[in-house]
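What follows is a set of notes on a single structure, which appears directly below.
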Amino acid sequence: MPVKREPSLLPDAENANSLFARILRWTTTVGRFTIVFTELIVICAFLSRFWLDRKNSDLSDVIRQQKAILESTQDFEKEFLLLQQRLIAVKELYSVNPGYGSKIKSLVESTPPDIIYNLLSLRQNSDDNLIITDIDLVSYKEESIIDFITNLVINPEIDTVAVNKIEKRPRDSRYLVQVSLVFKKSL
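Be aware that the sequence shown starts at 325, since it is given in the working numbering, and climbs by one per residue.
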């Protein structure tokens, strides 16, 4: 029985320098280098993943912290912008005001220390240019209200004082007072 031979694509020892043998040796050598190089790339990618995961985690923490800082300053920014708008409105009002500062100063000088203003509204009447003031205030003492109204009546800058309402609710120790004033014309 003849010896069974298996087919082999590798060159025999007798034709080791043939063109096919050289191409086959070159291809297998390049293939081995390609496989080794590819494995090195895969190993580097695997190892760099740990570094990249840590970097990603650090960046996520930084972003989370910066987001928390932005959220915490958001309320302050809204308040600041609102205050800035109010200041602009006050500046515009003072640029065209008919002397409200002296009128408010006169009111402050006539006010006893335990009077609390809830509302102070000044406006200029378009007909006769008189300054009209509406005041809502709170006091816990009846004497303070009397002193306040007396001070307003004797104030030389005030022309008319009208007490619109004095109210004391049951179970409440404070008096609610509404007063309207008309200031004398400034010369």
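We put the beta carbon where it would ideally sit given N, CA and C, even for glycine.
DSSP bridge partner residues for residue i (one or two, in chain order)
i: Val327; result: Paired residues: none, contrary to the question.
i: Tyr441; result: Leu461
i: Thr484; result: Val506
i: Leu519; result: Here the chain covers residues 325 to 511 and nothing more, so residue 519 does not appear.
Residue i at chain D interface by Cβ criterion, 8 Å
i: Pro480; result: Of the protein chains in this structure there is only one, and it is not chain D.
Cβ shell of residue i (< 6 Å), same chain only, five flanking positions each side left out
i: Val487; result: Val503
i: Ile359; result: none
i: Asn475; result: Ser434
Counted within 10 angstroms of its Cβ, other Cβ atoms place residue i as buried (16 or more) or exposed
i: Leu461; result: buried
i: Ser450; result: exposed
i: Ser430; result: buried
i: Leu446; result: buried
i: Thr457; result: buried
Under 8 Å between C-beta atoms of residue i and residue j
i: Phe472; j: Pro494; result: no
i: Ile455; j: Lys427; result: yes
i: Thr484; j: Val501; result: no
Beta-carbon proximity list for residue i, same chain, < 8 Å, skipping 5 on both sides
i: Asp438; result: Ser463, Tyr464, Lys465, Ser468
Of the listed residues the options, nearest to residue i (C-alpha basis)
i: Leu289; options: Ile367, Gln448, Phe361; result: Within the shown structure, residues of the chain are numbered from 325 to 511, placing residue 289 beyond reach of any answer.
Cutoff 7 Å; reference residue i; Cβ partners in own chain excluding five residues on either side
i: Asn442; result: Asp460, Leu461, Val462
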